[in-house]
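I have placed the structure first, in the form of structure tokens, so that the comments after it can refer back to it.
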Amino acid sequence: MDFSEIVGAVFTFDNYAQLLPLVRNSLIAGAVLGLLGGLIGTFVMMRDLAFAVHGIAELSFAGAAFALLVGANVVAGSLVGSVLAALVLGLMGMRARDQNSIIGVVMPFGLGLGILFLALYEGRAANKFGLLTGQIVSVDDVQLNLLVGCAVVVILALAAIWRPLTFASADADLAEARGVPVRALSILFMVLLGISVALSIQVVGALLVLALLITPAAAALKVTAAPGLVVVLSVLFACTSVVGGILLALGGRIPISPYVTTISFVIYLVCRLVGARRTRRGSRRPGASSAEPVAAPAGG
Amino acid sequence: MTSTTPRHAPAPDVSARPPAVRLRGAALSFGQRTLWEGLDLDVRPGEFLAVLGPNGSGKTSLLKVLLGLQPLTAGTATVDGRPVTRGSRSLGYIPQQKSFPPETPLRARDLVGLGVDGHRWGLRTRGRAYRERVDRLLRDVGAEAYADAPVGLLSGGEQQRLRAAQALATEPTVLLCDEPLLSLDLNHQQAVSSLINRQCHERNSAVVFVTHEINPVIDYVDRVLYLAGGRFRVGAPADVMTSEVLSDLYDSPVEVLHSNGRIVVVGLPDATTHHHEGA
């Protein structure tokens, strides 16, 4: 394959106008997942759960592979796998350090199970590969409804616990002192995360799910600390990556995930560059070292 | 403008209020080891109680009890007249300084804002009242200059001022402080401790202040609870911080020197704890 053939495989825009209507469902699904990934990613970063996302994705993959093997609904299998994994993580370890070792133990087990199920499966090979690397080629109306329905539930739940979850994620001790149910929120968040992972896997696959749930939020955090703006940027970056990825992939004949991950990575790089300037400016901020004591106390 | 708040002594009706903190026959043990027992203690609104003692004497555990995070082995504990619950809005809590990760998506004003309404469900519908409240708290702790700076880029002392503002946001009946001055430079130690003092003596919060080092707050302390060796002593600083009392508590000769309004304790068995000076 020479260079022009590679370019042809990656970018072809013949018959683009005719192809576009065929991916209408995929585009809607992509936009919804971008919204979801951007929202939940902010909390994933605050709670230092990047590795947990990866671990949940592998168990979600095992669940999906099992569903494929027994002829059940793959999305449902994926949901069961990841929510179970997320619940186990939420119940077993509160601190990131405890969690990391648990994830390190459970993740290869899940991946191994998934490979076993796929090896036993005798259907189309494309189905197998899609679980790991993404498969949003054709989303039918039933799948789309399931996807959007789940995403709406997660987003509403997230909105309901937004403030206490922010408090608990920023400083668990202080939130607990103020009566915020830190532990219950942590478990609930893991369930929401599990659902989000399972949905994202349908687009970018188990191996690349971090590109949707981590990279956009990580990029947003590089350029701002204003909570509202972080969320808006994170959602914007995630949607751009997924929808842009689908639109670009339409022309070529390779899966969409390389497009999604590349766009997402480029956004991150740009944000890092912008952010490096901001941090330097921040450290020279006027009054950074001022420590003038407040007015002398009147009593005491 | 009419001035109603007394500047110094609590108003007469305040002493008629129930104690902000009340412990009766309180005991705490872990396995065989008893940290303290038979502890009867009332802290009045507007009273500043310093809790002193060596490492492992149960100072922080006492705060955990009041926060409802640690059940007593025996006895009862009430805050604001009610049995302690797991976390409460009557409590403000200032923990040890602990840095936020550099990329925490919060500005100084957002951190303080969590103290105002972070416990509420749902999204914040940004009201003017909320913004004014946060601005006033930032002004109270002298943090306007960095109100919009990311918390992750602030110094430890600046972060600690914000924690104080956050703890004061609900006008707590009881302010629990766990070594809030540790690892702060002298300027910030003074700033944070005088903030806590104002909340105590001007706004009538009861303060329970756990510390290794009484000197940074010596001018504000009304009473001392000294925990050591499974026993305790409560009283005015002048009555507790004496060679006789501490020698008795530690069961070994300890000398307490007074110099220039400061207290130096010499000969502690647990010598590492008392000798770092403020700065």
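Protein chains in written order, with the numbering used here: chain A, 1 to 300; chain B, 1 to 279. For glycine and all other residues, C-beta sits at the position ideal for the given N, C-alpha and C.
Run down chain B in chain order and give the residues with a C-beta less than 8 Å from the C-beta of A:Phe-167.
Ordered by position in chain B, the residues that pass the 8 Å Cβ test against A:Phe-167 are Leu-114, Gly-118 and His-119.
At a CB-CB cut-off below 8 Å, which residues of chain B make contact with A:Asp-173?
Contact of A:Asp-173 with chain B by beta-carbon distance below 8 Å involves Tyr-93 and Pro-95.
Rounded Cβ spacing between B:Pro-172 and B:Gly-92 (contact assumed at less than 8 Å):
A Cβ-Cβ distance of about 3 Å is found for the pair B:Pro-172 and B:Gly-92, placing them in contact under the 8 Å criterion.
Any non-hydrogen atom of the ligand GDP closer than 7 Å to A:Ala-31 Cβ:
The ligand GDP is not among the ligands present in this structure, which contains no ligands whatsoever.
In whole angstroms, what is the alpha-carbon distance linking A:Gly-194 and A:Ser-169?
Straight-line Cα distance between these residues: approximately 17 Å.
Could you give the uninterrupted runs of the beta strand (DSSP E) lying entirely in the segment 112-187 of chain B, keeping only those of 3 residues or more?
Counting only runs of 3 or more, we get 174-178.
Considering Cα atoms alone, identify which of B:Val-256, B:Asn-204 and B:Ala-74 is closest to B:Gly-38.
Minimum Cα distance to B:Gly-38 is reached at B:Ala-74.
Cutoff 8 Å: A:Pro-227 Cβ touching any chain B Cβ
Yes - at least one Cβ of chain B is within 8 Å of the one on A:Pro-227.
What residue range does the alpha helix (DSSP H) around A:Ile-195 cover?
Run containing A:Ile-195: 182-204, per the alpha helix (DSSP H) assignment.
Given 8 Å, three or more beta-carbon pairs between the segment 59-69 of chain A and the segment 81-88 of chain A:
Enough Cβ pairs lie closer than 8 Å, so yes.
Would you call A:Asp-140 buried or exposed, if buried means 16 or more other Cβ atoms sit within 10 Å of its Cβ?
Its Cβ having fewer than 16 others within 10 Å, A:Asp-140 is exposed.
Buried versus exposed, by CB contacts within 10 Å (16 or more), B:Gln-32:
Looking at its Cβ environment, which holds fewer than 16 other Cβ atoms inside 10 Å, B:Gln-32 is exposed.
Taking A:Tyr-16 as part of the alpha helix (DSSP H), name the residues at either end of that continuous run.
Unbroken alpha helix (DSSP H) run through A:Tyr-16: 16-19.
Distance cutoff 8 Å, beta carbons only. Does B:Glu-179 sit that close to anything in chain A?
Using a Cβ-Cβ cut-off of 8 Å, B:Glu-179 does not count as an interface residue toward chain A, since no Cβ of chain A sits closer than that to its own.
Whole alpha helix (DSSP H) elements within the segment 37-81 of chain B, 4-residue minimum
Whole alpha helix (DSSP H) segments, 4+ residues: 59-67.
Let me know the secondary structure DSSP gives B:Phe-209 once reduced to three states.
Note: B:Phe-209 maps to strand in three-state DSSP.
Taking the Cβ atom as the reference point for each residue, do B:Pro-269 and B:Ser-252 lie within a distance shorter than 8 Å?
Yes.
Taking the runs of the alpha helix (DSSP H) that are 4 residues or longer, which of them lie wholly in the segment 98-161 of chain A?
If only complete runs of 4 or more residues are kept, the segment 98-161 of chain A shows the alpha helix (DSSP H) at 125-133 and 141-160, in order along the chain.
If we ignore side chains and look at the alpha-carbon of each, how far apart do B:Gly-230 and B:Val-174 end up?
Cα to Cα, B:Gly-230 sits roughly 25 Å from B:Val-174.
Would the segment 123-134 of chain B and the segment 177-196 of chain B be scored as touching if the rule is three or more Cβ pairs under 8 Å?
The segment 123-134 of chain B, when compared against the segment 177-196 of chain B, does not touch it at the 8 Å Cβ threshold.
Taking DSSP as the reference, what is the three-state secondary structure of B:Ala-228?
In this structure, B:Ala-228 counts as strand in the three-state DSSP scheme.
Using CA coordinates, which residue listed in A:Ala-175, A:Ala-276 and A:Ile-263 is at the minimum distance from A:Thr-224?
Looking at A:Ala-175, A:Ala-276 and A:Ile-263, the one whose alpha-carbon comes closest to that of A:Thr-224 is A:Ala-276.
Buried versus exposed call for A:Thr-215 [16 or more other C-beta atoms within 10 Å across all chains shown]:
Flag for A:Thr-215 reads buried.
Interface positions of the segment 159-172 of chain B facing chain A (Cβ-Cβ less than 9 Å), listed along the chain
Within the segment 159-172 of chain B, the qualifying residues are Arg-161, Arg-163, Gln-166, Ala-167 and Thr-170.
Which same chain residues end up closer than 8 Å to B:Ser-29 when comparing Cβ atoms and leaving out the 5 residues on each side of it in sequence?
So the qualifying residues of the chain are Leu-35, Glu-37 and Thr-73.
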